[in-house]
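Each residue of the sequence shown is one higher than the last, beginning at 2 in this note's numbering.
Note that beta-carbon positions come from the ideal geometry of N, C-alpha and C, so glycine has one too.
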Amino acid sequence: MDSRKVSRAYSETVTSFVSTSATADPVEVDSGKREFAARLAQAMDARQLKQVDLLRVARDRGHKLGKSQLSQYLSGKTIPRKGMLHFLAESLGVNADWLLNGIEPMGAQSDSESEASPGSIPTPTGENDGESDGESDDANENDGENESDDESENGHAASDDGTQGIATGKFNPEGKTMRQFKKSSKLDNVLYDIRGPVLDEAYRMEDQGIHVLKLNIGNPAPFGFRTPDEVVKDMQDQLTECEGYSNSRGLFSARKAIMQYDQLKGIPNVDVEDIYTGNGASELIQLAMNAFMDTGDEILVPSPDYPLWTACATLAGGTAVHYICDEQANWYPDIEDIRSKITPRTKGIVIINPNNPTGALYPREVLQEIVDVAREHQLVIFADEIYDRLVMDGKEHVSIASLAPDLFCITFNGLSKSHMVAGYRIGWMSLSGNKRIARDLIDGINMLSNMRLCSNVPAQSIVQTCLGGIQRSQELLVPGGRIYEQREYVYQRLSAMDGVTVTKPEAAFYIFPHLSEEKFHITDDDQFALDLLKDKHVLITAGKGFNWEKPGYFRIVYLPRKHTLHDAMDALEDFLSYYRQ
Numbered sequence: 002m003d004s005r006k007v008s009r010a011y012s013e014t015v016t017s018f019v020s021t022s023a024t025a026d027p028v029e030v031d032s033g034k035r036e037f038a039a040r041l042a043q044a045m046d047a048r049q050l051k052q053v054d055l056l057r058v059a060r061d062r063g064h065k066l067g068k069s070q071l072s073q074y075l076s077g078k079t080i081p082r083k084g085m086l087h088f089l090a091e092s093l094g095v096n097a098d099w100l101l102n103g104i105e106p107m108g109a110q111s112d113s114e115s116e117a118s119p120g121s122i123p124t125p126t127g128e129n130d131g132e133s134d135g136e137s138d139d140a141n142e143n144d145g146e147n148e149s150d151d152e153s154e155n156g157h158a159a160s161d162d163g164t165q166g167i168a169t170g171k172f173n174p175e176g177k178t179m180r181q182f183k184k185s186s187k188l189d190n191v192l193y194d195i196r197g198p199v200l201d202e203a204y205r206m207e208d209q210g211i212h213v214l215k216l217n218i219g220n221p222a223p224f225g226f227r228t229p230d231e232v233v234k235d236m237q238d239q240l241t242e243c244e245g246y247s248n249s250r251g252l253f254s255a256r257k258a259i260m261q262y263d264q265l266k267g268i269p270n271v272d273v274e275d276i277y278t279g280n281g282a283s284e285l286i287q288l289a290m291n292a293f294m295d296t297g298d299e300i301l302v303p304s305p306d307y308p309l310w311t312a313c314a315t316l317a318g319g320t321a322v323h324y325i326c327d328e329q330a331n332w333y334p335d336i337e338d339i340r341s342k343i344t345p346r347t348k349g350i351v352i353i354n355p356n357n358p359t360g361a362l363y364p365r366e367v368l369q370e371i372v373d374v375a376r377e378h379q380l381v382i383f384a385d386e387i388y389d390r391l392v393m394d395g396k397e398h399v400s401i402a403s404l405a406p407d408l409f410c411i412t413f414n415g416l417s418k419s420h421m422v423a424g425y426r427i428g429w430m431s432l433s434g435n436k437r438i439a440r441d442l443i444d445g446i447n448m449l450s451n452m453r454l455c456s457n458v459p460a461q462s463i464v465q466t467c468l469g470g471i472q473r474s475q476e477l478l479v480p481g482g483r484i485y486e487q488r489e490y491v492y493q494r495l496s497a498m499d500g501v502t503v504t505k506p507e508a509a510f511y512i513f514p515h516l517s518e519e520k521f522h523i524t525d526d527d528q529f530a531l532d533l534l535k536d537k538h539v540l541i542t543a544g545k546g547f548n549w550e551k552p553g554y555f556r557i558v559y560l561p562r563k564h565t566l567h568d569a570m571d572a573l574e575d576f577l578s579y580y581r582q
């Protein structure tokens, strides 16, 4: 159909609406508008587009389309004018005459109609359709109409057959929608709320010009912690030597320095070939879980935990079984709870020491008890020790692998926190102890390590510099040092707040307060975090995000400077003076 036929069809349809309105029952008049609305909604669903997406396309192409105007089209109150009809048809990849009155295949384009470029339509934004995002309402349309809710529960538009995801194209000639793609079901039980919905809301607020005090992520650089100049200079000088792949395990110089560091920590039976560098320890945690876990296998993980461990075990097909860390015992692991969680399917145990999110540092005797349990049940030990160089109060970090020469251990570490180079992405894992019982597992680790070729080579080049010589981060951990003083300030402020209990952390830069059930009646940690963000513009992470089921807990990162922490603590204290769930 050429453009003249579309124009004539439009005129005939509008004339029909006008003449019918004077002679027919109003129900018949409205039915044509409702049918148009249904076709418009059908086309939008097929492309997985929401109202806000069409509004943005209209704005980008210079069309004046307001949110109330589009809402009225979708609610069947009016039909668009000819120019707007062509814009909607083109954007949705359908025939304009089909959209107007339902004739011809809905996906058939006339020769004179230009096809919508797949790149011209945005994918669903996840925002509420009610957000205007700067679009103006058409002055000729009535405002105040409610917009339709075309979203499913997970924030994506849903098609008629219940599938979800991003549409990959337009209608085919038979009028059938293209195949839709959903996220993998392996992600159904995966949690990582450190960067979750509450953070998304914080980003939205910042986009509106609202300043947010962020106490949610342990990222030193934004808070003024700088990488030592010597480290930056060494990377700069070696860049031209880091342009190719390294050995899949890593540069020899880096692995040699790590091996020597492990020896100083008392970790037994570690050779250069037992060390693997990674793009942060996070990559290696996932690699190790994929190599270790089979479907149905169980691994003991602390609660609260760093949620990546639970997520990676789940993605690998296994089950993370959480053992309790006891708040009444300085957040140390509950040995009896560990014993009670072991089944014939239990293959390993994860120890996060120093702990994130509690900041607890486990003493030698507690670690020895864990080793005894692992030895009794022949478990592999996975030791996350990324904060081992951020210990305060004159305490000493003990590597659990040093206590288990007869067991197979994998120890994870890195430079992101201790040397303030989180963005460089450099971590490592060391295989130690009884490697004879894990030969096949090590073959799997080697295979996965080879598949990713190698880790970031420029970052590997600074490992030797960072692990040798003076550890400048130690200056931050003694009285007068930034991390020490900021911990003291936040701990004192929280301890003085009515209805708040908190254990003083001994390492890292996290603290995990508890709100009184009797006073605050917290039943939903996420809602608490969201309400604090909206009321006081302070961003924290809810305790639930660390696989801690008891409500009323949250994590604070005390990396910001003291004046920022002062503002945040004042805001939190005022919020708690009136907040109840």
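Could you tell me the alpha carbon to alpha carbon distance between His212 and Met206, rounded to whole angstroms? 8 Å
Hey, Asp526 and Lys545: beta-carbon distance below 7 Å or not? Yes, these two residues count as a Cβ contact at 7 Å.
Rounded to whole angstroms, how far is the Cβ of Lys418 from the Cβ of Pro221, which I believe are closer than 8 Å? 7 Å
Top-ranked residue by Cα proximity to Ile350, from Gly67, Trp429, Asp298 and Pro480: Asp298
Ser433 and Cys467 closer than 7 Å at C-beta: no
For Leu516, three-class secondary structure by DSSP: strand
Would you call the CB atoms of Gln487 and Tyr559 closer than 7 Å? yes
Please work out which residues of its chain come closer than 6 Å, Cβ to Cβ, to Glu370, disregarding the five sequence neighbours upstream and downstream, and give them in chain order. Ile336
Per DSSP, what are the beta-bridge partners of Ala321 in this structure? Ile300
Does Thr412 come out as helix, strand or coil in the three-state DSSP assignment? Three-state result, Thr412: strand.
Kindly indicate which three-state DSSP category Val399 falls into: helix, strand or coil? coil
Through-space distance from Glu91 to Gln49, alpha-carbon basis: Using only the alpha carbons, I get a separation of about 15 Å.
If contacts are defined as beta-carbon pairs under 8 Å, then Leu534 and Val199 qualify, I think. What distance do you get, rounded to the angstrom? The C-beta distance from Leu534 to Val199 rounds to 6 Å, short enough to fall under 8 Å.
Provide the residue span of the alpha helix (DSSP H) that contains Trp99, from first to last. Trp99 -> alpha helix (DSSP H) spans Ala97 to Asn102.
Going by alpha carbons, who is nearest to Asp272 out of Asn548, Met430 and Phe88? The shortest Cα separation from Asp272 among Asn548, Met430 and Phe88 belongs to Met430.
For Lys520, which residues from the same chain have a beta carbon less than 6 Å from its beta carbon, with the 5 sequence-adjacent residues on both sides left out? Gly500
Rounded C-alpha distance that separates Thr344 from Val322: 10 Å
Can you list, in chain order, the residues of its chain with a C-beta nearer than 7 Å to that of Pro406? Leave out the 5 residues immediately preceding and following it. Pro269, Asn270 and Gly434
Check the DSSP bridge columns for Asp327 and list the partner residues they point to. Tyr333
From which residue to which residue does the alpha helix (DSSP H) around Phe256 run? Phe is not the amino acid found at residue 256; the sequence shown has Arg there. Where Arg256 is concerned, the enclosing alpha helix (DSSP H) stretches over Phe253 to Leu265.
Given this structure, state the Cα-to-Cα distance separating Tyr246 from Gly482, to the nearest angstrom. 39 Å
To the nearest angstrom, report how far apart Leu86 and Val53 are at their CA atoms. 17 Å
Rounded to whole angstroms, what's the CA-CA distance from Tyr388 to Arg60? Just pull it up for me. 49 Å
Using the Cβ count rule (16 or more neighbours within 10 Å means buried), how would you classify Glu154? Because Glu154 carries a pLDDT of 37, less than 50, the predicted location of this residue cannot be relied on, and no value is offered for it.
Would you kindly check if the distance between the Cβ of Asn414 and the Cβ of Glu386 is under 7 Å? yes
Take Val286 as the anchor and find which of Leu71, Ser450, Arg581 and Pro514 has the nearest alpha-carbon. Checking the displayed sequence, the identity of residue 286 turns out to be Ile instead of Val. Ile286 has its Cα closest to that of Ser450, out of Leu71, Ser450, Arg581 and Pro514.
Please report the Cβ distance between Lys342 and Leu301, rounded to the nearest whole angstrom; I am assuming they are in contact, meaning their Cβ atoms lie under 8 Å. 6 Å
Measuring alpha carbon to alpha carbon, tell me which of Asp275, Ala508 and Tyr492 ends up nearest Pro514. Tyr492
Residues bridged to Thr347 by DSSP? Glu299
Cβ neighbours of Ile339 in the same chain (closer than 8 Å, five flanking residues each side left out): Leu301, Tyr324, Ile350, Ile371 and Val374
Buried or exposed for Tyr579, please, with buried defined as at least 16 other CB atoms from any protein chain shown within 10 angstroms of its CB. exposed
Exposed or buried, Gln641, counting other C-beta atoms within 10 Å across all chains shown (16 or more means buried)? What the structure shows of the chain is the stretch from 2 to 582, and residue 641 is not part of that stretch, so it cannot be assessed.
From Ile80 to Gly63, what distance separates their C-alpha atoms? 20 Å
Quick check on this structure: which residue in Leu101, Ala39, Phe253 and Asn354 has the alpha carbon closest to the alpha carbon of Ser72? Ala39
Roughly how many whole angstroms lie between the Cα atoms of Arg82 and Thr178? For Arg82 and Thr178, the gap between their C-alpha atoms comes out near 26 Å.
Assumed close pair Asp306, Asn102 - CB separation to whole angstroms, cut-off 8 Å: The Cβ separation is near 59 Å, so there is no contact.
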